[in-house]
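Numbering (our numbering), first residue to last: 258 to 854. Every residue gets a Cβ at the ideal spot worked out from N, C-alpha and C, and that includes glycine.
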Amino acid sequence: MTKLAASAWPKADLAAVGMPSSSVSLAELSTGDLAEAVHAIKNGHCYLDWLLFQFALSMFDHVQAVSKNVAVTQRSILDLEAQTALELQMSLDSTDHFAHALLDDAVCARDRLPAVFSTMRLGLIDRARFHRIVNETQLVRDDETMALIDQTLALQIMGLRGGVSSMSITKTGAMARRLVAEYDPDAEKLDRDRAKAARTVGFQALDSGMAQISITATAEDVRLVRQMLDAVIAGLCPDDPRTKSQARSDAAIALLQRIPFTCRCDSDGCTAQISDVQLDARAARIVVHVLCDATTLDGGDQCGYLDGYGPISGDHVRQIAEREDAVIHQHDLNDLLEPDPAADPNDDDDLDEAAVHRKGPRPDSPDECRADGARPDPENDENSTPASESAAGTEPPPRFLIAKTAFPSDPYRPNLLTDLVARFLWGTCSIPGCERAAFACDLDHVAEFDNICPSQGGPTCVCNLLPKCRFHHLMKTHLTGFLDDLWIDDHGRYHSSVTTPGGITVELLAPNQWLFPRLADLRCRHQLGQHGTATSSIEDSPQRARTRTAAKHARRRAERQANHEQRAVDQARRQAAEEAAIWDDYEAKRAMGEPPF
C-alpha cells in the first residue's frame with residue numbers, strides 16, 4: 258500500500274533552475290528578475306508536463322505487464338487504459354475524464370508525435386499546446402505522413418521559439434492544421450466534412466434568469482456574422498449606455514426575432530444611424546479576406562489563409578471562391594518592384610548582406626512614413642522575375658527592389674498590395690499573444706512617419722509596417738518605455754520584437770511568411786542604403802526646437818539602432834549555439850532510448 262506524501266516543493270531551493278533563491282525577498286527583485294523567474298516557471302511547467310507523460314506511459318506499461326490476461330482485459334470495460342486512468346486519477350486528485358485525456362495524449366506522444374513531444378522537455382510547448390496538435394493531427398492515418406508532419410512540426414516549433422519567439426495555443430493549432438492540409442489533404446477534408454456535418458445550435462441555461470445560445474458554422478460564415486453585428490451596433494449614438502458585448506447580444510436577438518434594434522440613450526437629440534438604409538450601407542462594406550496562391554484556385558493543394566481564423570486547405574479556399582458573394586482579385590508581388598539602379602550587372606551574387614542590415618532613420622508612430630521621391634516605372638523582363646543565377650555566357654538579369662509601396666500622392670498611406678502583404682504576413686496583431694485579426698487592426702509604422710519631414714521618418718514599406726490592435730497601438734504610442742521593432746535577417750525572414758516598460762523583450766517570426774515564399778529573396782530600397790540623417794542619440798539629432806513627441810521618436814530611433822547593431826554582432830553566434838545545443842540534446846535522448854523513443 259502506497260500513501261502519497263505531502264508536497265516537498267516548498268522546501269526545495271529552485272535557484273538552480275532559474276528561480277530566485279528562497280532567501281531572497283520578492284520585493285528586492287526588479288521587473289526583469291521577476292520576468293526571468295516567470296519564464297523559468299513556464300519552462301518548468303513544460304518540463305513537468307513532459308515528465309508527467311513519461312510517468313503515465315510507464316504506469317501504463319506496468320499495468321500491462323502485471324495483467325494476467327491482456328487479451329481478455331482489452332475486451333473488457335475495465336481495460337488497461339481504464340485501470341491506468343484510475344491510478345492517474347487518484348494520484349492527480351483529478352476526474353476520470355482528465356486522467357483518460359492525459360493518458361491518450363501520452364500514448365500519442367510516444368506513438369505518433371515523438372519529435373514534437375521532445376520539444377516539451379525543452380520548455381517550448383506545454384501540454385495544452387501539445388493537446389491542440391494532437392487534435393489537429395488525429396485523422397492522419399499514414400505512418401510515413403505522420404512521421405513527416407511530426408518532424409516538420411518539431412523543427413518549426415524550435416525555429417519559431419528558439420527561446421525568444423512567442424507561439425500561442427491558437428497559432429500552434431494553426432501551424433499543425435496547415436501541415437496536415439499540405440501533407441494529407443484527404444485527412445483535412447475528412448476532418449472538415451465531419452466538423453461541417455456536426456454544425457448545430459446549442460442552448461444552455463445560466464444563473465440569474467439568463468441563458469446562452471451558441472451557433473456552430475463555417476469559419477467564413479461566423480466571420481461574416483461577427484462583422485454584421487459590429488455593423489449593426491456601429492450605428493448607435495455615443496450616449497448609448499451598453500457595452501459592445503451587450504449591444505452585440507441585443508443586436509443578435511433583434512435580428513433573429515425580426516424586431517427593431519433601437520438606441521437606448523433616451524436623448525431627444527439622438528444621432529443613431531440604425532435605419533435599414535443606413536445598416537445596408539454599412540453591411541455592403543463588410544469583407545472577409547482570404548489569401549491564396551493562384552494555383553490553389555486551379556486545383557492545387559497549397560493552403561490559403563482566412564483572416565480571423567488562420568490557414569485553410571486548398572479545397573476550402575475553392576469552396577469559398579465558389580460562393581455567390583465571393584469577389585476574386587489577383588495581385589502580383591512584381592507590382593511592388595522596380596530594378597535596383599545600384600546593382601552591378603556583372604555581379605551575380607545575391608544582395609549585399611552587410612547592406613541589408615544597414616537601417617535608415619526610422620521614426621516611431623502609428624501615423625508615420627517616409628517619402629521616397631519619384632520612382633521610375635519597372636523595367637521587368639518578360640516574366641517579371643527577380644535576379645537569379647544566369648546561364649553561362651549571358652548577362653545576369655537585373656536585381657529588383659521592393660520600392661513601390663506607398664501612394665505617390667500620399668507617402669504615409671501604403672498602397673493596396675503593401676497593405677495586404679503587411680497584414681497577411683503577420684495574420685494577427687503583431688504583439689505576441691494578441692489574436693486580434695489583422696484586418697481588424699491598425700497598420701502601424703514601427704518607426705514613426707514624420708509628416709513634417711518625411712525623409713526623417715520611417716518608410717511606408719513592409720519592412721516598417723506591423724498590424725496592431727487599437728489597444729496595443731495606443732500602448733505603443735503613449736506608454737513610456739514601450740519599444741517595438743521590425744527587421745529582416747540574412748535569410749530574408751521577417752522578425753518583430755516588443756520591449757515592455759519593465760525591460761522584457763519578446764521576439765516573433767512572421768507566422769505567415771509561408772504565404773509569400775518569394776518575399777525571402779527580395780529586399781526593399783530602405784534596407785539597402787541610408788536615407789535621411791540617422792542619429793545615435795537624442796543629443797546628436799539636428800539642433801532645432803522640437804516637441805516632446807519628436808524627442809521620444811528620436812530616443813526610440815537611437816534604441817532601435819543600438820539593438821540592430823548588437824543583433825548583427827551576436828545573432829548568428831547565438832542561433833548557432835542554440836541549434837547545436839538543441840540537436841545535441843535531442844540526439845542524446847534518442848541514443849539513450851529514453852521514452853518515447
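According to DSSP, residues forming a beta bridge with residue i
{"i": "residue 471", "result": "459"}
{"i": "residue 694", "result": "685"}
{"i": "residue 549", "result": "The partner list for residue 549 (beta bridge, DSSP) is empty, contrary to what the question assumes."}
{"i": "residue 567", "result": "563"}
{"i": "residue 758", "result": "Looking at the DSSP assignment, residue 758 forms no beta bridge with any residue, so it has no partner."}
{"i": "residue 659", "result": "594, 781"}
{"i": "residue 701", "result": "723"}
{"i": "residue 745", "result": "751"}
DSSP state of residue i mapped onto helix, strand, coil
{"i": "residue 260", "result": "coil"}
{"i": "residue 830", "result": "helix"}
{"i": "residue 753", "result": "strand"}
{"i": "residue 414", "result": "helix"}
{"i": "residue 373", "result": "helix"}
{"i": "residue 632", "result": "Here the model assigns residue 632 a pLDDT of 36, short of 50, so the residue's position is not dependable, and the following value carries that caveat. Looking at residue 632 - three-state DSSP - the assignment turns out to be coil, as it is neither helix nor strand."}
{"i": "residue 428", "result": "helix"}
{"i": "residue 781", "result": "strand"}
{"i": "residue 646", "result": "Legend: pLDDT at residue 646 = 40, less than 50; position of this residue unreliable, no value from coordinates given."}
{"i": "residue 627", "result": "Low confidence applies here, because residue 627 scores a pLDDT of 34, under 50, leaving its location unreliable and the question unanswered by this model."}
{"i": "residue 740", "result": "strand"}
{"i": "residue 240", "result": "In the structure as shown, the chain starts at 258 and stops at 854, and residue 240 therefore has no counterpart that could be examined."}
{"i": "residue 664", "result": "strand"}
{"i": "residue 764", "result": "strand"}
{"i": "residue 539", "result": "helix"}
{"i": "residue 671", "result": "strand"}
{"i": "residue 836", "result": "helix"}
{"i": "residue 278", "result": "coil"}
{"i": "residue 774", "result": "helix"}
{"i": "residue 706", "result": "coil"}
{"i": "residue 854", "result": "Since pLDDT at residue 854 reaches only 36, below the 50 mark, its modelled position is unreliable, and the value read off the structure follows with that caveat. Residue 854 falls in the coil class under three-state DSSP."}
{"i": "residue 379", "result": "coil"}
{"i": "residue 401", "result": "helix"}
{"i": "residue 790", "result": "Low local confidence applies: a pLDDT of 32 at residue 790 is under 50, so the model's placement there is unreliable, and no value is given."}
{"i": "residue 769", "result": "coil"}
{"i": "residue 271", "result": "helix"}
{"i": "residue 395", "result": "coil"}
{"i": "residue 477", "result": "helix"}
{"i": "residue 286", "result": "coil"}
{"i": "residue 531", "result": "coil"}
{"i": "residue 558", "result": "coil"}
{"i": "residue 518", "result": "coil"}
{"i": "residue 544", "result": "coil"}
{"i": "residue 579", "result": "coil"}
Whole-angstrom C-beta distance between residue j and residue i, which should lie under 8 Å
{"i": "residue 227", "j": "residue 461", "result": "Residue 227 is absent from the structure shown; the chain starts at 258 and stops at 854."}
{"i": "residue 453", "j": "residue 475", "result": "7 Å"}
{"i": "residue 718", "j": "residue 675", "result": "7 Å"}
{"i": "residue 564", "j": "residue 546", "result": "4 Å"}
{"i": "residue 396", "j": "residue 444", "result": "4 Å"}
{"i": "residue 743", "j": "residue 721", "result": "6 Å"}
{"i": "residue 314", "j": "residue 324", "result": "Not a contact, Cβ separation roughly 16 Å."}
{"i": "residue 264", "j": "residue 270", "result": "So it is not a contact: roughly 15 Å between Cβ atoms."}
{"i": "residue 501", "j": "residue 510", "result": "Between residue 510 and residue 501 the Cβ distance is about 15 Å, and since that is not below 8 Å, they are no contact."}
{"i": "residue 766", "j": "residue 752", "result": "6 Å"}
{"i": "residue 558", "j": "residue 668", "result": "That pair is no contact at about 40 Å."}
{"i": "residue 486", "j": "residue 543", "result": "Not quite, the Cβ-Cβ distance comes to about 10 Å (not below 8 Å), so this is no contact."}
{"i": "residue 434", "j": "residue 393", "result": "5 Å"}
{"i": "residue 342", "j": "residue 319", "result": "Not a contact, Cβ separation roughly 14 Å."}
{"i": "residue 727", "j": "residue 700", "result": "With 8 Å as the limit, residue 727 and residue 700 do not qualify as a contact, their Cβ atoms being about 12 Å apart."}
{"i": "residue 677", "j": "residue 588", "result": "7 Å"}
{"i": "residue 657", "j": "residue 776", "result": "Contact flag wrong, Cβ pair sits at about 12 Å."}
{"i": "residue 411", "j": "residue 437", "result": "Not quite, the Cβ-Cβ distance comes to about 15 Å (not below 8 Å), so this is no contact."}
Practice task
Kindly confirm or deny that the stretch 464-479 and the stretch 399-416 touch, where touching means at least three C-beta pairs closer than 8 Å.
Solution key: no
Practice task
Pair every Cβ in the stretch 300-311 with every Cβ in the stretch 354-373, then say whether three or more of these pairs are closer than 8 Å.
Solution key: yes
Practice task
Would you be able to state if there are at least three C-beta pairs under 8 Å between the stretch 497-514 and the stretch 585-594?
Solution key: no
Practice task
Check whether the stretch 289-306 touches the stretch 366-383, taking contact to mean three or more Cβ pairs, one atom from each stretch, closer than 8 Å.
Solution key: yes
Practice task
Within the stretch 302-363, note down every full alpha helix (DSSP H) run reaching 4 residues or more, in order along the chain.
Solution key: 327-332, 337-349
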